[in-house]
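In what follows, a structure is listed as structure tokens, so that the remarks can point back to it.
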Amino acid sequence: MALAELKLAATQTRLTGMVMPEGLNDQRVDAMNRVITMGLPHKRDEYWKYTDPATLTQSTPQTAALFHNDEGALFADIDRVKIVFVDGVFDADASDDLTCEGVEIGRLADVDGGWAADIYGTLEINGQLHVHRPLAALNTAFATDGVVIRATAKAVKPINIIYLHSDEASDVMLHNLVRVEEGAEVTLLETGPAAARFNKVLEVDVAKTGAFHHVRAQGRDHERRAITHCFARIADESLFKSFTLTANGVLTRNECIIDMVGDDAVAHVAGACVGDGADFHHDDTVFITHDGLNGESRQVFKKVLRNGATGVFQGKILVKAGAQKTDGYQISQSLLLDDDSQFLAKPELEIYADDVACSHGSTSGAIDDDALFYLQSRGVPRKAATDLLTLAFLAEALDEIADDALADDLRDRLESWLGRRG
Amino acid sequence: MLEIKGLEVKLEEEDKQILKGVDLKIGAGEVHAIMGPNGSGKSTTSYVLSGKDGYEVTGGSATLDGVDLLDMEPEERAAAGLFLAFQYPVEIPGVGNMTFLRTAVNAQRKARGEEELSAGDFLKEVREKAKALKIDADMLKRPVNVGFSGGEKKRNEILQMAMLEPKMCVLDETDSGLDVDAMKLVAEGVNALRSEGRSFLVITHYQRLLDHIKPDVVHIMANGRIVKSGGPELALEVENNGYADILAEVA
């Protein structure tokens, strides 16, 4: 069967029996039509060449055993607004009051008109311009809930969406919206596994001189699967920073699509990933469009892979004709701790302006023997020295987190994960 | 302190014998120097003592206070009190110099069954010792050796030595790449560490370093063996006449 027919059939099968939630009806129907037009992704699609989407598109998710640990919650010592979802269902008892000075916080399920309705799905549509992202449209059509945040000033504390996983067969779609008004600033933390299969979309609209910080740590449930999209539109002199830490999960694909529409805007996207085992597959797919003057973008992705783990990076910088003085940087690197692990990288630059500086690089390597010996010769045992060098490898990505307390928390967590391994 | 007997070593990858029976005995508190032409086996001796991969010991022994060094992992040798100041200190991006020092100090203390140094005590000690070596706060904060000049790297080696307080220090061409002032500073750092219980093996090409770090014994190494040993005057003889006379004499 031709690919188009194959996809149409699969898409129809998938949509059969899916129930569209109440509210935002027009946006949802439009989104479903986008899904039907595009068709759900297939491994023969170029954009899915390195990651097989079958388990993300099939009607019933694979189950994922629950991961129990005694580590305690991330960011526990940081004063933050906690919003808890258990298998995608809002848990009011476990959540804080949805109030915080400088921001308005609500739930997607309660949206009835207003800015949130205006924005819902629009940034996702923008993100479909160059590449089809049907799983994001599917999310817009069927997401059951999410958090909507509007920053009107500098938020006094970060907002932490905590995604708990309690059902081995849960299949969850959440959709979060963020609007950062002129001169406002907010930090969004996202932590936890969420579900056996998690499809999440985050749309972020940053007005001029606004700042958005995003720090995420995906849960460690080994068998979980996730497809996430972040669509951002950033205006003049605005700042967008996103960092993701991933450890475990058999399949994770994080797409980040940023439209730098204003002048003098800054966008940094970074990821640190630690993967272990032949069934570990982690994919970072990034698409940054420079459409303003003097834009600065950075993509910094680091993956530590062992025991047959697979890492994927697809990163693109598109510089439009008017986007002079663009400064684009992209680096993707893997630390392969054995011969069985693999890293697949597809860096892309597409530049239509003639006065820009764009650089990109991608490397794969092992632990540096000379550095290892140097540390050992100073008395550091081989295992500890390897861990230290592994953390050092990830440091450049972690350095992208602006808030030291958040970064230290993640660093400590990583250190303890590495330390526990024999 | 350090006793090397009939040490024979070849490169693992090539079938090439580098050391062909090295004998060397350094007593507690003594400073010995090894000089010798390029390729004589000086650096190999330092690497084999500290446990670098890539060398195969085919004969002989090396002991530190009677304990067999060659059987230990590099970190165990360090904990036993051996220290190698590298000819080419390694750059480690992403690891702060301070973190590195503290990890090393505490790893050794732990290996010896001692209590780890508290953050406060450690900081105090580092600052004091760094100051004497003119190492500023910025150098302590930066990643290990990254962007350091040749002189800064060597001073950083001496700082590590000062913090780790080894009993047997091997200095592999510590003077290479140093200007006169930097060499003096490094030598002062070494001299400050000289004590009854601490011995030094200084590997160098040039007599000049030995003006600053006065050796008790000078050895000449050639073709994988120590061919002549003597007092400090031997270094002067090398400086004035080169190795040809000495090598002809022992041939």
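Those protein sequence lines, which keep their order, are chains H and U. Quick note: my numbering has the first sequence finishing at residue 422, numbered continuously throughout. Quick note: my numbering has the second sequence finishing at residue 251, numbered continuously throughout. Every residue, glycine too, gets a C-beta built ideally from N, C-alpha and C.
Beta carbon proximity, residue i to chain U, threshold 9 angstroms
i, result
"residue 300(H)", "no"
"residue 329(H)", "no"
"residue 190(H)", "no"
"residue 373(H)", "yes"
"residue 376(H)", "yes"
"residue 382(H)", "yes"
"residue 391(H)", "yes"
"residue 385(H)", "yes"
"residue 92(H)", "no"
"residue 395(H)", "yes"
"residue 379(H)", "yes"
"residue 412(H)", "no"
Residues near residue i in its chain [Cβ-Cβ closer than 8 angstroms; skip 5 each side]
i, result
"residue 66(H)", "165, 166, 168, 221"
"residue 141(U)", "96, 97, 98"
"residue 362(H)", "313, 331, 332, 333, 345, 347"
Nonlocal neighbours in the same chain, by C-beta distance under 7 angstroms from residue i, ignoring five residues either side
i, result
"residue 26(U)", "1, 2, 32, 199, 201"
"residue 44(H)", "3"
"residue 12(U)", "54, 55, 56"
"residue 385(H)", "372, 375, 376"
"residue 352(H)", "319, 320, 321"
CB contact below 9 angstroms: residue i versus chain H
i, result
"residue 193(U)", "no"
"residue 100(U)", "yes"
"residue 78(U)", "yes"
"residue 207(U)", "no"
"residue 51(U)", "yes"
"residue 218(U)", "no"
Nearest-angstrom Cα separation, counted from residue j out to residue i
i, j, result
"residue 210(H)", "residue 158(H)", "15 angstroms"
"residue 409(H)", "residue 213(U)", "47 angstroms"
"residue 10(H)", "residue 417(H)", "39 angstroms"
"residue 53(H)", "residue 24(H)", "27 angstroms"
"residue 217(U)", "residue 169(U)", "15 angstroms"
"residue 87(U)", "residue 152(U)", "13 angstroms"
"residue 98(H)", "residue 246(H)", "27 angstroms"
"residue 113(H)", "residue 145(H)", "15 angstroms"
"residue 132(U)", "residue 207(H)", "53 angstroms"
"residue 165(U)", "residue 211(U)", "24 angstroms"
"residue 93(U)", "residue 106(U)", "21 angstroms"
"residue 326(H)", "residue 268(H)", "14 angstroms"
Any non-hydrogen atom of the ligand ADP closer than 8 angstroms to residue i Cβ
i, result
"residue 295(H)", "For the ligand ADP, the structure offers nothing, since it holds no ligand at all."
Span of the alpha helix (DSSP H) around residue i
i, result
"residue 199(U)", "Note, residue 199(U): premise wrong, no alpha helix (DSSP H); beta strand (DSSP E) at 199–203."
"residue 116(H)", "114–119"
"residue 374(H)", "369–377"
"residue 55(H)", "54–57"
"residue 474(H)", "Outside the shown range of chain H (1 to 422) lies residue 474(H), about which nothing can therefore be said."
"residue 134(H)", "134–142"
"residue 120(U)", "119–132"
"residue 416(H)", "404–420"
Contact check, residue i vs residue j, beta carbons under 9 angstroms
i, j, result
"residue 251(H)", "residue 56(H)", "yes"
"residue 223(H)", "residue 63(H)", "yes"
"residue 273(H)", "residue 256(H)", "no"
"residue 275(H)", "residue 310(H)", "yes"
"residue 41(U)", "residue 4(U)", "no"
"residue 393(H)", "residue 364(H)", "no"
"residue 300(H)", "residue 270(H)", "yes"
"residue 295(H)", "residue 249(H)", "no"
"residue 203(H)", "residue 123(H)", "yes"
"residue 185(U)", "residue 208(U)", "no"
"residue 198(H)", "residue 18(H)", "no"
"residue 104(U)", "residue 158(U)", "no"
"residue 197(U)", "residue 29(U)", "yes"
Contacting residues, own chain, Cβ-Cβ under 6 angstroms from residue i (five flanking each side not counted)
i, result
"residue 200(H)", "174, 228"
"residue 179(H)", "115, 150, 205"
"residue 253(H)", "51, 227, 283"
"residue 191(H)", "74, 162, 217"
"residue 243(U)", "37"
"residue 227(U)", "220, 250"
"residue 431(H)", "Examination of residue 431(H) is not possible in this model, given that chain H is present from 1 through 422 alone."
Bounding residues of the beta strand (DSSP E) (the contiguous stretch that carries residue i)
i, result
"residue 160(H)", "159–164"
"residue 43(U)", "First-last for residue 43(U): 42–50, but that is the alpha helix (DSSP H), not the beta strand (DSSP E)."
"residue 61(U)", "55–64"
"residue 342(H)", "342–351"
"residue 255(H)", "251–260"
"residue 203(H)", "197–206"
Chain-ordered neighbours of residue i on chain A, where CB pairs are closer than 7 angstroms
i, result
"residue 388(H)", "Among the protein chains in the structure shown, which are H and U, there is no chain A."
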